[in-house]
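Student: Under the working numbering, think of the first position of the sequence shown as 360, with each following residue one higher. Note that beta-carbon positions come from the ideal geometry of N, C-alpha and C, so glycine has one too. Have a look at this one before I ask anything.
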Amino acid sequence: MNPTYFPIDRFRNESTPLYYYDLHLLEETLRELKTSSFPGFNTHYAVKANSNPEILKLIAASGLGADTVSLGEIQAALSAGFPAAKIVFAGVGKTDQEITAALELNIGCLNVESDAELTAIAEIAEKLDKKAPVALRINPEIDAHTHHYITTGLAENKFGIALSMLDRLIDHCLSSEWLDFKGLHFHIGSQITDLEPYRILCERINSLQEKYPDILIPSINVGGGLGVDYENPEGNPIPDFKSYFRIFKDNLRLRPGQELHFELGRSIVAQCGSLICKVVYVKEGVGKKFVILDGGMTALIRPALYQAHHKIENITSKSEVKEKYDVVGPICESSDVFGTDETLPVTKRGDIIAIRSAGAYGEVMASAYNCRALPSSLFSR
Ligand SMILES: *Cc1c(COP(=O)(O)O)cnc(C)c1O
360 MNPTYFPIDR
370 FRNESTPLYY
380 YDLHLLEETL
390 RELKTSSFPG
400 FNTHYAVKAN
410 SNPEILKLIA
420 ASGLGADTVS
430 LGEIQAALSA
440 GFPAAKIVFA
450 GVGKTDQEIT
460 AALELNIGCL
470 NVESDAELTA
480 IAEIAEKLDK
490 KAPVALRINP
500 EIDAHTHHYI
510 TTGLAENKFG
520 IALSMLDRLI
530 DHCLSSEWLD
540 FKGLHFHIGS
550 QITDLEPYRI
560 LCERINSLQE
570 KYPDILIPSI
580 NVGGGLGVDY
590 ENPEGNPIPD
600 FKSYFRIFKD
610 NLRLRPGQEL
620 HFELGRSIVA
630 QCGSLICKVV
640 YVKEGVGKKF
650 VILDGGMTAL
660 IRPALYQAHH
670 KIENITSKSE
680 VKEKYDVVGP
690 ICESSDVFGT
700 DETLPVTKRG
710 DIIAIRSAGA
720 YGEVMASAYN
730 CRALPSSLFS
740 R
């Protein structure tokens, strides 16, 4: 680790756990995303990955749209400066209240996940005397080879519309005077590091488009899911957006004038965030040593929920000697473990620990379980 990367003195004066965000890295990531993109490619930021207002403002200012999954996220995106027309609204359980608000706010598109939802949207649109912009989220039946909690494109799960039901739902969109059919939406999962599933997605979309030669499909939305390197955040701080976009450029056959949308979350924000904790105790067990932190799964749940591993660094120890520790949180759950047999320099009570790559699905998933305070946030400038 670069010894000046973290503002250690600032951390000493703050109560921990806290999220530290490197806004310079976020800006570089956004710049790389933009230069890797192709004409006609449109990226929306998936707000659920991190909805910290500072982060949202910076991303809105870079010109991306926003992909949201609740009215709360729509409001957060609007407050951060995302234009309503560049906001899309997804999710399997949109309530009448949320649909009404989304239509009143003139958001760009509702990504619809069932026939029941399509019916509800058309009814609400009629009441408001407004046409609802809708896209259909299709389940492309692709195994993204990722954790079973974050794979979403397989045949029967709660997300999306089965391919076999698509004809009927397209008819529904086209025959209703209250629905404005905007296109087809896909999302195959998250933390996808092998690009092959995306190439297969392109082929699926190509054959689907051939199946509907006479239907106007203004846009294709291929979702998000691009993964990041959790083991080497320093060596690999910015995901390979070039290869990712290139897959779609080379394999997807868009129709003339057809827009292509992406919804990236993790790959934009994961590497700019670190969870900063202090060591409360180093506990000597029978055959192991435990580093017990003041922050645990309520601050960052990914290890407990997805068996994820984040790189753990002691950023204050000056020791040349390394030891093995289990690094754990203070929460009363056995799953509250950040790492087992982690090699760290000799670690003492009061040392500061950085848990890296925590910018995505970190702060947003924090809870107050055990009546713990939510982590605060601190920025690189
Ligand atoms: C979560 C989600 C995304 C973003 O996924 P990342 O893995 O963070 O890129 C995009 N689209 C939909 C529909 C999602 O549910």
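1. Give me, in chain order, the residues of the same chain whose beta-carbon lies closer than 7 Å to that of Glu476; leave out the 5 immediate sequence neighbours on both sides.
2. Say whether the stretch 533–543 touches the stretch 466–485, bearing in mind that this needs 3 or more beta-carbon pairs closer than 8 Å, one atom from each stretch.
3. Check this for me: beta carbons of Gly582 and Phe545, under 8 Å apart or not?
4. Kindly examine ligand 1 and report whether one of its heavy atoms sits closer than 7 Å to the Cβ of Ile426.
5. Check whether the Cβ of Gln630 sits closer than 7 Å to any heavy atom of ligand 1, and report yes or no.
6. Can Gly582 be considered in contact with ligand 1, in the sense that its beta carbon sits closer than 7 Å to one or more heavy atoms?
7. At the level of alpha carbons, what is the spacing between Asp474 and Gln456?
8. Using CA coordinates, which residue listed in Ala491, Ala425, Asp553 and Thr657 is at the minimum distance from Phe304?
9. Looking only at its chain, what residues have a beta carbon closer than 6 Å to the beta carbon of Ile418, apart from the 5 residues adjacent to it on each side?
10. Put Cys691 into one of helix, strand or coil per three-state DSSP.
11. Any heavy atom of ligand 1 within a distance shorter than 7 Å of the CB on Leu623?
12. Specify, as a first and last residue, the run of the alpha helix (DSSP H) that Asp474 falls within.
13. Less than 8 Å between C-beta atoms, sequence neighbours within five positions excluded: which residues of the same chain meet that for Ala725?
14. Can Glu391 and Phe604 be called in contact, C-beta distance under 8 Å?
15. Looking at the unbroken beta strand (DSSP E) that takes in Glu536, where does it start and where does it end?
16. For Asp381, count the other beta carbons within 10 Å of its own beta carbon; 16 or more makes it buried, fewer makes it exposed. Which is it?
17. Determine, using beta-carbon pairs with one atom in the stretch 625–641 and one in the stretch 588–600, whether at least three such pairs fall under 8 Å.
18. Measure the C-alpha to C-alpha separation of Ile551 and Ala503 and round it to an integer number of angstroms.
19. Please state whether the Cβ-Cβ distance between Val638 and Lys707 is less than 8 Å.
20. State the start and end residues of the unbroken beta strand (DSSP E) segment that holds Asn580.
21. Please report how far the alpha carbon of Asp710 lies from the alpha carbon of Leu377, in whole angstroms.
22. Kindly list the residues whose CB is nearer than 7 Å to the CB of Ala439, restricted to its own chain and excluding five residues on each side of it in sequence; keep chain order.
23. DSSP state of Lys648, grouped into three classes?
24. Which value, in whole angstroms, describes the spacing of the CA atoms of Val587 and Gly450?
25. Is Lys407 near ligand 3, with its Cβ less than 7 Å from a heavy atom?
26. Rounded to the nearest angstrom, what separates Leu623 and Gly688 at their Cα positions?
27. Beta carbon of Leu659: closer than 7 Å to some heavy atom of ligand 1?
28. When you compare the CB positions of Glu682 and Ala713, do they come within less than 8 Å of one another, or not?
29. So is Tyr684 buried or exposed if we call it buried at 16+ other beta carbons inside 10 Å?
30. Measuring only from the beta carbon, is Ser396 closer than 7 Å to any heavy atom that is part of ligand 1?
31. Taking the alpha carbon of His531 as the point to measure from, which residue in Val471, Ala435 and Tyr557 has its own alpha carbon closest?
32. Taking 7 Å as the cut-off, is the CB of Gln550 close to at least one heavy atom of ligand 1?
33. With a threshold of 16 other CB atoms inside 10 Å of the CB of Ile341, please say whether the residue is buried or exposed.
34. Is the beta carbon of His546 within less than 7 Å of some heavy atom of ligand 1?
35. Would you verify that the beta carbon of Tyr557 is, or is not, closer than 8 Å to some beta carbon of chain D?
36. Of the residues Ala663, Ser549, Asn565 and Pro556, which one's Cα is nearest the Cα of Leu543?
Tutor: For this structure:
1. Leaving aside the five residues that flank Glu476 on each side, the residues in its chain whose CB is nearer than 7 Å to its CB run, in chain order, Lys453.
2. Yes, the stretch 533–543 is in contact with the stretch 466–485.
3. With contacts defined by Cβ atoms closer than 8 Å, Gly582 and Phe545 form a contacting pair.
4. The sequence shown places Asp at residue 426, rather than the Ile named in the question. Flag set: Cβ of Asp426 near ligand 1.
5. Outside the cutoff, so no.
6. True, at least one ligand heavy atom lies under 7 Å from that Cβ.
7. Cα to Cα, Asp474 sits roughly 18 Å from Gln456.
8. The displayed coordinates of the chain run from 360 to 740. Any statement about residue 304 would go beyond what the structure contains.
9. In the same chain as Ile418, and ignoring 5 residues on each side of it, the C-beta atoms closer than 6 Å to its own belong to Tyr404, in chain order.
10. Reduced to three states, the DSSP call for Cys691 is coil.
11. Leu623 Cβ: within cutoff of ligand 1.
12. DSSP places Asp474 inside the alpha helix (DSSP H), whose first and last residues are Asp474 to Leu487.
13. If the five residues before and after Ala725 are omitted, its C-beta is found closer than 8 Å to the C-beta atoms of Thr657, Ala658, Leu659, Ile660, Leu733 and Pro734, all from its own chain and listed in chain order.
14. No, the Cβ-Cβ distance between Glu391 and Phe604 is not below 8 Å.
15. Counting along the chain, Glu536 falls outside any beta strand (DSSP E), and DSSP gives it neither H nor E.
16. Buried is the call here.
17. Taking 8 Å as the limit for Cβ pairs, the verdict is that the stretch 588–600 does touch the stretch 625–641.
18. In a straight line, the C-alpha of Ile551 is about 7 Å away from that of Ala503.
19. Their beta carbons are under 8 Å apart, which means Val638 touches Lys707 by this criterion.
20. Unbroken beta strand (DSSP E) run through Asn580: Ser578 to Asn580.
21. In a straight line, the C-alpha of Asp710 is about 14 Å away from that of Leu377.
22. Result list for Ala439: Pro412, Leu415, Lys416 and Ala419, in chain order.
23. Strand.
24. Between the alpha carbons of Val587 and Gly450 lies a distance of about 24 Å.
25. Questions concerning ligand 3 fall outside what the structure shown contains, since the ligands it does hold are ligand 1.
26. CA-to-CA, the gap between Leu623 and Gly688 works out to about 30 Å.
27. Every heavy atom of ligand 1 is 7 Å or more from the Cβ of Leu659, so no.
28. For Glu682 and Ala713, no; Cβs fall outside 8 Å.
29. It is buried - the Cβ of Tyr684 has at least 16 other Cβ atoms within 10 Å.
30. Not so, every heavy atom of ligand 1 lies at least 7 Å from the Cβ.
31. Comparing Cα-Cα distances from His531 to each of Val471, Ala435 and Tyr557, the minimum goes to Val471.
32. It does: the Cβ of Gln550 is within 7 Å (strictly closer) of some heavy atom of ligand 1.
33. Since the first residue shown for the chain is 360 and the last is 740, residue 341 is missing from the structure and cannot be characterised.
34. Yes, the beta carbon of His546 sits closer than 7 Å to at least one heavy atom of ligand 1.
35. This model lacks chain D altogether, as it is built from one protein chain only.
36. Closest option to Leu543, Cα to Cα, is Asn565.
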